[in-house]
Amino acid sequence: LVEDPDGLGTDYPAAERKHGTSMASLIINGDLNTNESYKPDSFLYVRPIMHFDGNRESVPKNRLLIDLIHQAVREIKQNPETEDIRLINLCICDQFRPFYYSLSSIAKMLDWLSWQYNVLFIVSAGNFTEDLVFPKENGGPLSNLNEHELQEKAVTEIYKNQRFKRLLAPAESINALTIGGINTDNSDNPPGRHLELFYDNNLPAPYNPITFGFKKSVKPDLIEQGGRCLYMEHGSTPESTTLGLIDQPARTPGLKVAYPSNSVNYSEKGVGHTMGTSNAAALTSRNAIKIMEALDELNAPNLGIDSIDERFYPVLSKCLLVHSTSWGCPTQMLETILKNHGVQGQKVKKEIQKFLGYGKPNISTAIECLKNRATIIGYDTLENSEGGIYEFPIPACINRVPRKLIITVAWISPINVSHKDYRKCHLELTPQNLNHFFPSNKRNTEVHTQNVVKGTVDHRVYEINQPREPINYSEETLKVKVSCRQDAAALDETIRYAVAVTFEENSGADLPVYEEIREHIQQAVRIQGS
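Sequence positions in the sequence shown follow this note's numbering and run 17 to 546.
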């Protein structure tokens, strides 16, 4: 459903409707090269906020982007026919408003709209397509380097210039999920001379921001397929080589999408290829729809369980998207490059978070259980100084085997724009007896806890790869406390939140984790004063 009450499409030729068409294609179909069978049951509502200015798609010069977004969201949520929309995909960034320390007006507005209308925004982190300058070594061209050498050199130079690769407004929004792009797709390279900087398809793309969010919170939150990019040498001095991004709209490489047929001379009509963090945001929105539809299935009356309150769908989707992430393969390579660059100790994890955020989602881990893996979700409300304690049974089969525990809590916070801390609500995640099951001197963690407590998602990953001592079963359940406290002046609001816990054994023995937890699980939550 496309609704254009502002009449922006009046002078907007069909051949120029590229960005919105490609985003809708990715949300509904995914990358067309993968031939995914899944199609959302939900309808897609499209509200244009750009027009064609005679040269390109852009925001009308006589309108402020902040006003267009505010008006669109307000009218959507106040219309009885569309008021149940819980997810909004926003793939527009202001290239003239990189985030340094202060939040943009648009980001503040998204945070307010998220709280006011209980909606999850998924936004793109922004693209950086500027030239890359590489110092020459031994006077040779970059084309003389093998793929390993070129990748290491590229990541090193991009990291050295990270101060220029900031989030673009409104990607710094604290309530939204901000998505960066991974340098991967399923397309072929075009003929001709070009350089592909990364051979590892799990790395963030060169156009990705490398940064933190407000008050050094984790941003981008997630990374998802954005499409590969190619470069060509177009400048050289005795000291350096300059690479420029090859800009061939709709040509490979990239994600294959629906595309206006007469806007490009392409052999296959009606499709094209695109790259960027907007692609990644659209695919993440597609995954969020999968989560919401999985929640709908849990509400089926024939299951005989309590139905999930649909008002919690936005925070549950936010929680489960982050819960399904992992850093994966790039970690070791990034760690080596960072250490060679002088980064040491705990700072290594903090710097890796700038590249990967919480990681790439594997949505099946959030909505499907396996024999050796079980995910438990919960949701509730808290007020200031209240806390909820969740008790999760520990499967006996994970004793003395490699195991992983993932805990995530997510919420949408009201804001105080007049206070330096801005975020009014902080939910604190505390595993109270973690050492019984994951001794602190044995466990590894992916994320750095100093950063995860600064936003509106708290995500912890604990892993033991070589357990020797048996689990201390003096307590049969893992206790996880979620506490609510005010952060920016008085907190009078009631906060909706969601929590997810996953147990997984990694021994390869396919142990019955799911069955043991299912047999013993109990809802043991109590609200108490902190």
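C-beta: ideal position from N, C-alpha, C; glycine also.
Within the same chain, show all residues whose beta-carbon is closer than 8 Å to that of residue i, passing over the 5 residues directly before and after it, in chain order.
i: H15; result: The requested residue 15 is not part of the displayed model; the chain covers only 17 to 546.
i: V364; result: E351, L354 and K355
i: N134; result: R102, R327, P330, I428 and R512
i: T510; result: T397, L398 and E399
i: I368; result: W343, T347, L350, E351 and L354
i: D204; result: T268 and P269
In the DSSP assignment, find the alpha helix (DSSP H) that holds residue i and state where it starts and stops.
i: P330; result: Y329 to H339
i: W174; result: It should be noted that the sequence gives Ile, not Trp, for residue 174. Per DSSP, I174 belongs to the alpha helix (DSSP H) from E163 to K176.
i: V89; result: L81 to Q94
i: D127; result: S121 to Y133
i: N49; result: It is not in any alpha helix (DSSP H) - N49 carries neither H nor E in the DSSP assignment.
i: F371; result: K363 to L372
i: T290; result: Careful: T290 lies outside any alpha helix (DSSP H), inside the beta strand (DSSP E) at V287 to T290.
i: S309; result: With the sequence shown as reference, residue 309 is identified as Glu, and Ser is not the correct amino acid for it. It spans T293 to L314 - the alpha helix (DSSP H) in which E309 sits, taken as one unbroken run.
For residue i, collect the residues of the same chain with a Cβ closer than 6 Å to its Cβ; drop the 5 residues on either side in sequence, then sort them by chain order.
i: R244; result: N199, D201 and P269
i: V171; result: I353
i: M39; result: C107 and A298
i: I393; result: A516
i: S277; result: K285 and G286
i: E32; result: F68
i: E414; result: According to the sequence displayed, residue 414 carries Ile and not Glu. Closer than 6 Å at the Cβ level, and outside the excluded window around I414, lie E521.
i: E173; result: F150
i: T472; result: I190, N191, W427 and S429
i: T446; result: K497
i: E99; result: K93
Which partner residues does residue i have in the DSSP bridge list?
i: C345; result: According to DSSP, C345 bridges with nothing at all.
i: R419; result: I480 and E521
i: T194; result: V139
i: F68; result: E73
i: F408; result: L494
i: P377; result: T341
i: R439; result: I431
i: T424; result: H475 and A516
i: D110; result: A185
i: F150; result: T257
i: I104; result: F137
i: D274; result: Residue identity differs from the one stated: residue 274 is Ala in this sequence, not Asp. A274 pairs with V287.
i: V62; result: V18
i: E444; result: S499
i: L386; result: R389
By Cβ distance below 7 Å, which residues in the same chain neighbour residue i in space, the five residues on each side in sequence not counted?
i: W128; result: I431
i: L161; result: K169
i: Y530; result: C385, L386, K387, R389 and A390
i: D147; result: T258, L259 and G260
i: D9; result: The requested residue 9 is not part of the displayed model; the chain covers only 17 to 546.
i: I82; result: S121, I122 and M125
i: I43; result: L60, N105, A298, S301 and R302
Where does the unbroken beta strand (DSSP E) through residue i begin, and where does it stop?
i: T391; result: R389 to L398
i: V529; result: It is not in any beta strand (DSSP E) - V529 instead sits in the alpha helix (DSSP H) that spans V529 to H536.
Quick check: is any heavy atom of the ligand SAH less than 7 Å from the C-beta of residue i?
i: C413; result: In terms of ligand content, the structure shown is empty, and the ligand SAH therefore cannot be addressed.
Review point. Taking one C-beta from the region 251-262 and one from the region 108-117 each time, how about it: are there three or more such pairs within less than 8 Å?
Key: no
Exercise for review: Write down every uninterrupted run of the alpha helix (DSSP H) in the region 446-512 whose length is 4 residues or greater and which is fully enclosed by it, in chain order.
Suggested key: 465-468
Check your understanding: Enumerated in chain order, which unbroken segments of the beta strand (DSSP E) with a length of 3 residues or greater are wholly contained in the region 193-271?
Key -> 193-198, 238-241, 247-252 and 256-261
**Study point:** Meets three-Cβ-pair contact criterion under 8 Å: the region 181-198 and the region 206-214
**Key:** no
Point to revise | contact_flag[the region 172-188, the region 324-343] where n(CB pairs < 8 Å) is 3 or more | key: no
Check your understanding: Taking contact to mean at least 3 C-beta pairs separated by less than 8 Å, is the region 399-414 in contact with the region 368-382?
Key -> no
Review point. Touch check for the region 47-55 and the region 83-98: three-plus C-beta pairs under 8 Å?
Key: no
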